[in-house]
Amino acid sequence: MRGEVPYTPPRLAVALLKWAFAKDPALPAILGDLHEDFVHRSYRHGAPTARRWFWREAVGLSAGRWIYFTRRTRERFPDRRKNMNASARFQSFLQDASYALRSIRRSPGFSLFTALVVALGVGAATAVFSVVKPLILAPLPFQEPQELVWIANVPSAGGTSLSGVTSRSSNLRDFRERATSFDGLTGYNAFFDQDAFILSGDGEPERLVGAGVADDFLDVLGVQPLHGRDFTEEEGLWGGPPVIILTHGFWRSHYDADPGIVGQTLTIDDRAREVVGVLPPEFGFASFFTPGQQVDFLLPFPISDETDRSGNTLVMIGRLKPDASPERAQAELDAIIAGLQEEQPDRWGLAARITPLQEKLAGPFKPAFLLLAAAAGTLLLIVCVNVSNLLLARAPGRAREVAVRKAFGASRTRLARQLVMEMTGVALVGALLGGGVAWGVIRLVANTTAVKVPLLDQVGMDLSAFLFGTLTALLTGFLVSIIPALHVGEGTEAAVLRSESRGSTGGRGGRRLREGLVVAEVALACVLLVMGGLLARSFRAVLDVNLGFTPGNTVAWQVRPTLDFENRQELGMFILGAVDRIEQIPGIDAVGLIDALPLGRNRSWGFRVVGQPDRDDLPSLFPHLVSPGYLEAMQIHLIEGRQLTRDDQGEAPPVVLMNESGARRVFQGEAPLGGRLLLWDGREYEVVGIVEDVKHLSPEIDSGIQVYFPYLQMPNASSLDMVVRSRLPTDQAVAVVSEALRELDPGMPTREFFTLDAKVDQSVSARRFTLWILSGYGAAALLLAALGIYGVLAQSVAERAPEIGIRRALGASSSDVVGSVMGRTLLLAGFGVLSGGLASLWAGTLLASLLFGVGATDPLTYVGMGGILLAVAALAGFIPAVRAVRVRGASALQSG
Amino acid sequence: MTRLGQLEFLVLLSVLRQDEEPYASRVRQDLQENAGRTLTRGALYRTLDRLTEKGYLSWELEPSQVPERGGHPMRRLFLTENGREAVRETRDVLDVFLEGATPLLDDLG
């Protein structure tokens, strides 16, 4: 491994320093001093704290440098014209700033309202920025993360199971020996959650999750343990000393963050294991590689012949040499594989496909994150349009003030600049409030465990989020002032001052402009609503998918007896005995066992159909090792043939059940019952029954070929899930089943149960996560659009009061007046909806990969969302319409 | 007489005191540990700049093999002859003044 120091300071902060000290010849030494302190702090307090410290130092030093130079230049060259100009400019800047502050204070209501609107946009944008940053924008928190690659076994035709992308230990061993493009090659056992570990000691036994990793795993990633040390080579050997490294979360929750735990031994699975280290907080193993899961400790996974026998188990990760490209490394691995295959023609599972690690982790989430970013951008744009409109609406009221200032010699540029500064001030207040909004959203996101998105635990409000929010606010302040600033001080001051009228911007041109902005606002809101609607319909469609089983009224456990058994057969008999026992409890309807429940772990096996030539078109099958009661407990319906029974065991002829679509695919229209499958154990299994398809991987993915083996004939599972269907309330069912289990085996942990409903819920979590945020943004957009429409119409009614008064005096009825205002409302909204609908047609194509069961041009969504917008617009226009009816002819004419 | 501020005086003395390792970071540490002066990094750099401009201090970049420095060099500081002279002068002034004041100070103590 290259480089002994795993920490590098934030690049942006270094760039700031380089800029601030560009002319200082001591810059390299200054950077070195800071770098050195940073590394020491990283070791002592962890990288996040050190990074914050570095930012503080960089900002402080740069600001200090700037002030120092400015002051010194002024002291040294007091008479220079340039400095006089600079000083005058500074004076006028201060004047403008104080004038802007006074304006803000003069109309606190307006300022606060505007700030709130800005807060909505800035908060939304900052929240999305913070969520997207750790996974997509920031480099992964490893040393030189761009060198890390993920090496998958080339997916088989099925492509989605873990067995299809993991590799054998022997592959890693041979690649390590032969490949020269890598500084390091390592891996972890992707099936780690099938091994349950039981922590015994004080109190009730507890089931822990330990992830097996190659001994150089942390070293290759460049992760330094927070306390203690990494695994040694000896510990990585088969039968090596039993040692573990605790994850930061487990260390905090179970040992109160006591560094003294290092060096102590824990009794796990009746075996003393020494704790040799604690992982740093920024590297929670699970949040990178298995989001949504919990990992309590790492243990060495030997890269040996023994583990090689388990087949494809390893997720392989490599660190490229600095001068090696992924393409070159790929070419090298391809050549090595060809060589190995020639030397060992019988060897199977030899393949490798290289993907940069960040791309592999972030890839699946990119479309959703891009959508969220686009939505936040759209909302921000709506905010800008809304505030611009508010400013335009206010302009006539301020026309006199502006005219007076002009008469005293203020230029239009100066007036415009004051307006920009005023809005920037308001926007900064908005940013502060928006920070609160973002903070709330981020807390909600970072603390959620229901969402399977990598690196969510790294989401937080940090300095970059703060800078992003501030910059966004400044940009917003500037954008919203552009149009009003162009109109400021239009017309001659004399005319404005003479008349008592409402000024120039209230004229026909001004109203057109404001109406145009409202149309734009409605159109943008329409796009957001349609996108949200499409996602909501997709979500509904996913929930409506026929899973093939009934998740309601079930509770499940991972069962792992602690008693000693001679062989798996005996263990199986014991567990089936437990099933019998639990089935007798009143209120329990059915109990079943399976090696892995749907929507969780998965593996796949190759197979051949007896009597058919070798077929390349068949993917691997998904094996399910089940007890006879499983189908009943899950309510998976038998379509043809018979169920599995207790008699399908040991010496009896091997039998299996298959899923309907899988059987059709395998037997190509021939009768599947009686067909035979040849498996890796060399036995032929007869198909005796056909059952409904079950969505095993996720509700959105096809079932593939599912084969149910009787557990007693194929006891090839290291742990079993037990599912109990019962009429009792969940907590009651849990209590009675736990008691029964503990009676049979007092050491068995029973606390960690889950319901299948929760499992289904988790499988749609990423989708719901996107939907939640988008719905929030859609609602905000709707509200802003309504406010915009209301504002424009209310003002238009006020301005047109004399005209309405005359019309009333000439005999126009109330309904005429209401009709005229509402007509205008619906015309504006209609234009907005129409153009928004057209824009959505384009935006929808970007969304296509996130949709399920609904087209990007789904007419129902378009019509529905358009309808909602029109209805809300009508509601917003109704209040000004009623006000218009109240206009009385005489008084309106007098005030005009 | 040379115009040296107290901080400047201490910095020059500290540079003198670091025989083998007269580096900026060591000076800061020395002032903190032995003179009770907590100095921000910016203040130290500005003082070094000022002393360099006054011609009391000179420095050169020296490559460093310390891995924690990320390949960045260190700044080796030297007192110039003018710098030594300034320290001497300040010391002499202090000596004269302290001579008269010491009995009074000790009485108070």
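The listed protein sequences correspond, in order, to chains A and B. Letter by letter, the first sequence follows residues 1 to 896 of the working numbering. Letter by letter, the second sequence follows residues 897 to 1005 of the working numbering. Where is the CB? At the ideal position from N, CA and C, for every residue including glycine.
Simplified DSSP assignment, three categories, for A/Leu644
DSSP places A/Leu644 in coil when its eight states are reduced to three.
If the cut is a Cβ gap below 7 Å, which residues of chain A does B/Arg984 touch?
Ordered by position in chain A, no residue passes the 7 Å Cβ test against B/Arg984, which lies about 26 Å from the chain.
So, is the C-beta of B/Gly966 closer than 8 Å to a C-beta in chain A?
Yes, B/Gly966 lies at the interface with chain A (some Cβ there is under 8 Å from its Cβ).
Kindly indicate which three-state DSSP category B/Thr998 falls into: helix, strand or coil?
DSSP places B/Thr998 in helix when its eight states are reduced to three.
State the CB to CB distance for the pair A/Phe769 and A/Leu678, rounded to an integer number of angstroms; the pair is presumed to be in contact (CB under 8 Å).
The Cβ separation is near 43 Å, so there is no contact.
Is it the case that the segment 181-201 of chain A contacts the segment 259-274 of chain A, given that we only count it when at least three CB pairs across the two stretches are under 8 Å?
With a cut-off of 8 Å, the segment 181-201 of chain A and the segment 259-274 of chain A count as touching, because enough Cβ pairs lie within range.
Relative to the C-alpha of A/Ala438, which candidate in A/Arg65, A/Ala376 and A/Ala211 has its C-alpha closest?
It is A/Ala376 whose Cα lies nearest to the Cα of A/Ala438.
Which residues mark the beginning and the end of the alpha helix (DSSP H) in which A/Ser763 is found?
Leu756 to Ser763 is the span of the alpha helix (DSSP H), which, as asked, contains A/Ser763.
What residue from A/Ile575, A/Leu456 and A/Ala373 has the CA that sits closest to A/Ile773's CA?
Measuring C-alpha to C-alpha distances from A/Ile773 to each of A/Ile575, A/Leu456 and A/Ala373 identifies A/Ala373 as the nearest.
Buried versus exposed, by CB contacts within 10 Å (16 or more), A/Pro916:
Nothing can be reported for residue 916 of chain A, as the shown portion of chain A is limited to 1 through 896.
Nearest to A/Phe832 by CA position, among A/Glu566, A/Leu524, A/Thr554 and A/Leu528, is which residue?
One point to set straight first is that residue 832 of chain A is Gly, not Phe, in the sequence displayed. Out of A/Glu566, A/Leu524, A/Thr554 and A/Leu528, A/Leu524 has the C-alpha closest to the C-alpha of A/Gly832.
Between the C-alpha atoms of A/His254 and A/Pro141, what's the straight-line distance to the nearest angstrom?
Between A/His254 and A/Pro141, the C-alpha separation is close to 25 Å.
Could you name the residues that DSSP lists as bridge partners for A/Ala874?
Within the DSSP bridge table, the entry for A/Ala874 names no partner.
Tell me, to the nearest whole angstrom, how far the beta carbon of A/Thr355 is from that of A/Thr166; I am working on the premise that it is less than 8 Å.
About 14 Å separates the CB atoms of A/Thr355 and A/Thr166; that is not less than 8 Å, and the two are not in contact.
Do you know whose CA, among A/Leu784, A/Pro241 and A/Arg767, lies nearest A/Pro364's CA?
Here the closest residue by C-alpha is A/Arg767.
Does A/Tyr68 come within less than 8 Å of chain B when only Cβ atoms are used?
At least one chain B Cβ lies under 8 Å of A/Tyr68.
Check the DSSP bridge columns for A/Leu784 and list the partner residues they point to.
Its beta-bridge partners do not exist; DSSP assigns none.
Compile a chain-ordered list of the residues in the segment 916-942 of chain B whose CB is closer than 9 Å to at least one CB of chain A.
The residues in question are Tyr919, Ala920, Ser921, Arg924, Thr936, Arg937, Gly938, Ala939, Tyr941 and Arg942.
How long is the line joining the alpha carbons of A/Pro108 and A/Asp731, rounded to whole angstroms?
Whole-angstrom Cα-Cα distance: 54 Å.
Among B/Gln928, B/Arg937, B/Arg987 and B/Ser954, which has the Cα closest to the Cα of A/Pro25?
Sorting B/Gln928, B/Arg937, B/Arg987 and B/Ser954 by C-alpha distance to the C-alpha of A/Pro25 places B/Ser954 at the top.
Counting only C-beta atoms, is A/Pro951 closer than 8 Å to chain B at any point?
Past the boundaries of the shown model lies residue 951 of chain A; chain A is included only from 1 to 896, so the question cannot be answered.
Hey, does A/Leu61 have any beta-carbon neighbour from chain B nearer than 8 Å?
Chain B, which has a Cβ nearer than 8 Å to the Cβ of A/Leu61, makes this yes.
Using a Cβ distance threshold of 8 Å, determine whether the segment 107-124 of chain A contacts the segment 472-487 of chain A, with at least three qualifying pairs required.
The segment 107-124 of chain A, when compared against the segment 472-487 of chain A, does touch it at the 8 Å Cβ threshold.
Relative to the C-alpha of A/Leu371, which residue among A/Asn389, A/Ser840, A/Asp648 and A/Ile868 is closest?
Checking every option, the nearest Cα to that of A/Leu371 belongs to A/Ser840.
Separation of B/Leu944 from B/Thr998, as counted between CA atoms:
The straight-line gap from Cα to Cα measures roughly 32 Å.
Exposure label - A/Ala15; buried when at least 16 CB within 10 Å
Result: exposed.
Residues of the segment 533-550 of chain A in Cβ contact with chain B at a cutoff of 7 Å, in chain order, please.
Residues of the segment 533-550 of chain A with a C-beta atom less than 7 Å from some C-beta of chain B do not occur.
Where does A/Ala590 land, buried or exposed, given buried means 16+ other C-beta within 10 angstroms?
By the 16-neighbour rule on beta-carbons within 10 angstroms, A/Ala590 is buried.
Write down the C-beta distance between A/Phe217 and A/Tyr188 rounded to the nearest angstrom, noting that I regard them as a contact closer than 8 Å.
With a Cβ gap of about 6 Å, A/Phe217 and A/Tyr188 count as contacting.
8 Å is my cut-off, CB to CB: does A/Val734 come that close to chain B?
Not closer than 8 Å to any Cβ of chain B, the Cβ of A/Val734 fails to qualify, so no.
Consult DSSP for A/His696 and reduce its assignment to one of helix, strand or coil.
Coil.
Specify, as a first and last residue, the run of the beta strand (DSSP E) that A/Trp348 falls within.
Counting along the chain, A/Trp348 sits inside no beta strand (DSSP E), nor does DSSP assign it H or E at all.
I need the DSSP call for A/Trp238, collapsed to helix, strand or coil.
Looking at A/Trp238 - three-state DSSP - the assignment turns out to be coil, as it is neither helix nor strand.
May I ask you to report which of helix, strand or coil DSSP gives A/Ile705?
When DSSP states are grouped into helix, strand and coil, A/Ile705 belongs to the coil group.
Indicate whether at least one CB of chain B lies closer than 8 Å to the CB of A/Asp305.
Chain B, which has no Cβ nearer than 8 Å to the Cβ of A/Asp305, makes this no.
At 4 residues or longer, and completely inside the segment 226-295 of chain A: list those alpha helix (DSSP H) runs for me, N to C.
If we require 4 residues or more, the alpha helix (DSSP H) runs fully inside the segment 226-295 of chain A come out as 248-255 and 285-289.
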